[in-house]
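Everything below concerns the one structure shown next.
Chains as they are written, first to last, in full-length UniProt numbering: chain P, 1 to 237; chain U, 1 to 237; chain G, 1 to 237; chain W, 1 to 237; chain A, 1 to 237; chain R, 1 to 237.
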């Protein structure tokens, strides 16, 4: 029995609340159970210097966690004077995941920055961030379309993410914090709406995993991402 | 006529939502109109080194702003590698304001850190932070009392804050962003429930202010803080 | 009786020594008793990027304290790798105070940076800095006028500052370090020569202060600033 | 035809030169073709504070790249004042990979730091680092055993890594820089000598990859790691 | 003819003003012509961690320059967030020079930090700093002796410093800023009262120097340091 | 007898291995006995901003040490977040030494950065760096000449460096780590092929040195540098 009484292939309750930030071009409060992430998409008419004049835009992401999103208070990165390796790793992952499904040429010479700030953490903050980021990005692009800045929304596909793990010898979908701490293996899958893989990041925390275990987790992920993409579609419908 | 159609001595709609963060000992989402601040109070059984062994505790505060809390995106301080002068000034102010009404001896050798993170900004983020911080701090202390860590709640009084300003020659209560940008003078008042002054910070942005103007603003502040304290009482009742 | 044997409304000996730095366009060694601040005003024919092309200039300030200005040695901020929150708060205050009385349009597209470095500290370093900064700024502007860069000195008024406090229940003018450490309340007043208020920053260190106490301190400040402005006039005559 | 004229399942020439650093307890210059990494394993009789007194040791890694290891000069991270997100991501990966095969209890309360410094880069610096790190770590542990500090070498298995990618629609083993820049997908596999997976990190640079493509790459990786482990065995024999 | 009309072997007017800082155990305002350095010696009853328990003390130095000590304003190092290479080089030199003549065993387990802050710069700030530092250090040690903390002043000798250079083909003593900018070679000599060399740092700015030129400069330095030591003796007499 | 059994005027085995880095325009692995430094010269078609438009180029140097180049592991400067004072001092020295023999006008508006990274340290890392840097710089300039970017190699002379010291009362050439730790005096000489002095940096670690001792060391240095220049000539022949 999982601590949350879910079956091994059951996701937590997932929800998207759109338009939660008055100033942002697109925004979304995404919840994967008790993991809550506030996502804001910002459009800016400027590009990083190395990208200027190439006729295409850029999508990037930043990630943060409020100090008391976690069980014990985490030191504020602004006070520490730098972003941790973990933070940088996650925000690079979110950025790559989004760029995989955006048509940067059609975006034009503009930058969209997607800020993912974890309000409350209970495992899976990076997968919730990516999944919610797609919604905020979509709404930012709709905002641009409604103003005539672009003629179509330059998204080639959906993108969503979920973690799977081996806990007590069983493959499980969408780990929460308690399971994650206990997992022998943890794999994050980032997939498109049409079933392609964008990122796969698996780590054996304690015991190396086998190809068979990997395949089982991949099957769970396919199911989970399928559900997430359905929910994204409902959310932006 | 004020942009928000309020009368000169009318506050914005103020609300406190308690217990919004699952992990924090005390938490509160405070809203002053469109200014929204998430406050978390964290109890830790440790003290800054310079305070150890003196038989009393410490209350401190940190302040942050999500990058897209503002109209245009603000650079993330964690990415910039340091907290701005403004951030440090505000978090020092919040900490002093809270310490003015806490009995640190009765708290015992513990530290409470109050994190104020601005989710959405529309003027008055520091006054909303202080006012909401009192509620989160109160709830953290109640949590301690309910666990027998302290026998009474070591709060000597309420503390709340409001800004007043001179806009278009008129003294006004609780400026929002549009008025604040336009104000000739801006004064932040931090006051106790019994009407004492804890902090007064007045700045003439354009034209020096007179003693009479100051007196008028002080009267407005007294009215505003009175209302805020009433709302705090209702919130924690 | 005050530790310095002054009466409650008596300032410390105040002096300005002009032209103490060979290279600076304006400079001044200001003393408020044992508090000594070296002020240098630097003219530069460049502006911060956000101000370019608007037809007006800028006045800014930086503040520092030599490591052994204080009773115990303070860590050098350059070695620590950052300016403290207190330093940033003070230099922002000095800059705002000066800008309140300068006609930035008449200054032209130039920047004046006023460096206030505390050689020796005995309370009131920020008030001495502001008061001395007016003299150094005046001399920098005179230097410009004598070279035909401006036709009149673009100062609308004097600006000077003094602290008042409640010590042992008594309102006192111009606190030194011993009184400041002991004060129940400490208020810094920045005022113009014509009696307007530019900044008021009051903090209840121990017990909240009342409106009556504030009024008494304000009266003392008016007297103190009046004297400081007279001394500024004598100094630059 | 691959630019290097290798067949799709052929690794570059791989070599290990042991004992290249006079001072290190274990060291190794590992080459994957034109990618050269100098690895040094350092034993220290101290632990990170959070690990003290738990009866087990720690293995950690740091990664760096000489400024001119790359085609164009890269800015020195020590001069920039921080390690890039990429650097931190890689050194965290190397550390996790090594810890997966070390028996930390048998190591005792000691820390081994494995420094991987890229002398020359031509793709695959992280996989070469992990593969060479196993050799340097092994030699450091042998050094300890020969001095009677441990009775057996506390390695549970080999660990080695290789990258695979889809280039021009073909799955290929051990990409060099030219192929890596061109790859539609790039997956790094970290595996043990007995065929378990320690880390899998796949990224679709341009087009999402399919499960079939992933399987093909996994087969190539199994072959490549098999060869690397054989070479490690020869090297330390 | 030198710009200052001095003869080639003539020093600038040198003076020491002792006891200029109220709080410091020893202090000195040293002037080499228009180069003015404020030196403060601070006694602390603590040691750097790596020196504890060895029965001897430590003398170290820090160096800084006020932003407007120079002809053009120099950026404040505290604002820049780090000390320049030049600053670190100079403060390391001052520290070594002082330690060369202090008996650290007799000092006991204490640290003296000598802060050299340049108020006004006109060439030779490092040589003035070393020469003045000896006086401040002497006075700090006298302060300790007068309080019975040490029975004798643990100074083995005087130490003083002067620069020499080749300007327009001529060897000259004690270069000021104009000459220094123009010099083909610049050598700083740090010597003891008994004529030993503590540090020699020579740099050919434009043309390599010869052994003969070096010898001539060494003779000038011997003369200059002799005079500085005489003045130190007079100052502390 | 010296620990290395060398006679007092005998250098360690010195060698230069050219072209060791595939990507660099010039490179060299220089060995002074067990001190090994990898030097890379990088040509870039850009200049520091303060040098633009003056018709001449720039040569600069950076220095680093791999963490386990030393007997005990040294903290990685990139992880510490800054370069030490020692590192900055050395890289400034290398840069000045090279600029002394390059004709910057003939180089044209380009910058050459010479990276000196210590792979293994056994004393004399700065002298080996300078000596090897000349070779890498020469090869970078040859590379430019062979591509027609310059018509002649703009080197006015050779430059090489060696340390001398007084150990056990005896003047010795080219100290290794053991001798260096023990030396009473340590002087680094940087000289040209024609016998001019570019830099002389002498430090009395324990006992001040005399003019006679200095002369003896200078004679040794002349001999050592003569030999180094002969080896440079052989290397690039």
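Glycine included, every Cβ here is placed at the ideal spot set by N, Cα and C.
What in chain R is Cβ-close to residue i, meaning under 9 Å?
i	result
residue 180 (chain W)	Those within 9 Å of residue 180 (chain W) in chain R number zero; the least Cβ separation is about 15 Å.
residue 210 (chain A)	195, 196 and 197
residue 218 (chain A)	211 and 214
Mind listing the chain P neighbours of residue i? Cutoff is C-beta to C-beta under 8 Å, in chain order.
i	result
residue 45 (chain U)	Ordered by position in chain P, no residue passes the 8 Å Cβ test against residue 45 (chain U), which lies about 11 Å from the chain.
Please state whether DSSP places residue i in a helix, a strand or coil.
i	result
residue 8 (chain G)	coil
residue 66 (chain U)	coil
residue 52 (chain R)	coil
residue 181 (chain W)	helix
residue 13 (chain P)	coil
residue 205 (chain P)	coil
residue 25 (chain G)	coil
Using the beta-carbon of each residue, which ones in chain G are nearer than 9 Å to residue i?
i	result
residue 19 (chain A)	Residues of chain G passing the Cβ test: none, with the nearest at roughly 12 Å.
Start and end of the beta strand (DSSP E) containing residue i?
i	result
residue 112 (chain U)	111–120
residue 222 (chain R)	That residue, residue 222 (chain R), is in no beta strand (DSSP E); its alpha helix (DSSP H) goes 211–236.
residue 106 (chain G)	Taken as a continuous stretch (DSSP letters only), residue 106 (chain G) belongs to no beta strand (DSSP E), being part of the alpha helix (DSSP H) at 104–107.
residue 40 (chain W)	35–44
residue 20 (chain R)	First-last for residue 20 (chain R): undefined, no H or E at that position.
residue 165 (chain G)	159–167
residue 172 (chain R)	170–173
How would you write the range of the alpha helix (DSSP H) that residue i sits in, first residue to last?
i	result
residue 143 (chain P)	125–146
residue 92 (chain P)	85–99
Going along chain P, which residues have a C-beta under 7 Å from residue i?
i	result
residue 214 (chain W)	197
So which residues of chain W does residue i contact, with C-beta pairs closer than 9 Å?
i	result
residue 40 (chain R)	66, 67, 68, 69 and 73
Decide if residue i is buried, meaning its Cβ has at least 16 other Cβ atoms within 10 Å, or exposed.
i	result
residue 230 (chain W)	exposed
residue 72 (chain A)	exposed
residue 49 (chain G)	exposed
residue 31 (chain P)	buried
residue 68 (chain W)	buried
residue 1 (chain W)	exposed
residue 3 (chain R)	exposed
residue 246 (chain A)	No information on residue 246 (chain A) is available, as it lies outside the stretch 1 to 237 that chain A covers here.
residue 25 (chain U)	buried
residue 128 (chain W)	buried
residue 234 (chain A)	exposed
residue 194 (chain U)	exposed
Can you pull the chain G residues whose beta carbon is under 8 Å from the beta carbon of residue i, in chain order?
i	result
residue 131 (chain U)	Those do not exist, as residue 131 (chain U) stays about 16 Å from chain G at its closest Cβ, beyond 8 Å.
residue 204 (chain U)	100, 196, 197, 198 and 199
For a contact defined as C-beta to C-beta under 9 Å, what are the partners of residue i on chain A?
i	result
residue 170 (chain R)	Within 9 Å Cβ-Cβ: nothing; residue 170 (chain R) doesn't reach chain A, min ~17 Å.
Please list, in chain order, the chain U residues whose beta carbon lies closer than 7 Å to that of residue i.
i	result
residue 83 (chain P)	78 and 79
Along chain R, in chain order, which residues have C-beta atoms closer than 8 Å to that of residue i?
i	result
residue 175 (chain A)	Those do not exist, as residue 175 (chain A) stays about 17 Å from chain R at its closest Cβ, beyond 8 Å.
By the criterion of Cβ-Cβ separation under 7 Å, what are the contact partners of residue i in chain A?
i	result
residue 22 (chain G)	34 and 120
Taking C-beta pairs closer than 9 Å, name the residues in chain P that residue i reaches, listed in chain order.
i	result
residue 92 (chain W)	85, 86 and 89
Could you name the residues of the stretch 187–202 of chain W whose beta carbon sits closer than 7 Å to any beta carbon of chain P, in the order they occur along the chain? 192, 196, 197, 198, 199, 200, 201 and 202
Using a Cβ-Cβ cut-off of less than 9 Å, list which residues of the stretch 59–75 of chain P approach chain W; keep chain order. none
Near-chain P residues of the stretch 96–128 of chain W - C-beta to any C-beta below 8 Å: 96 and 100
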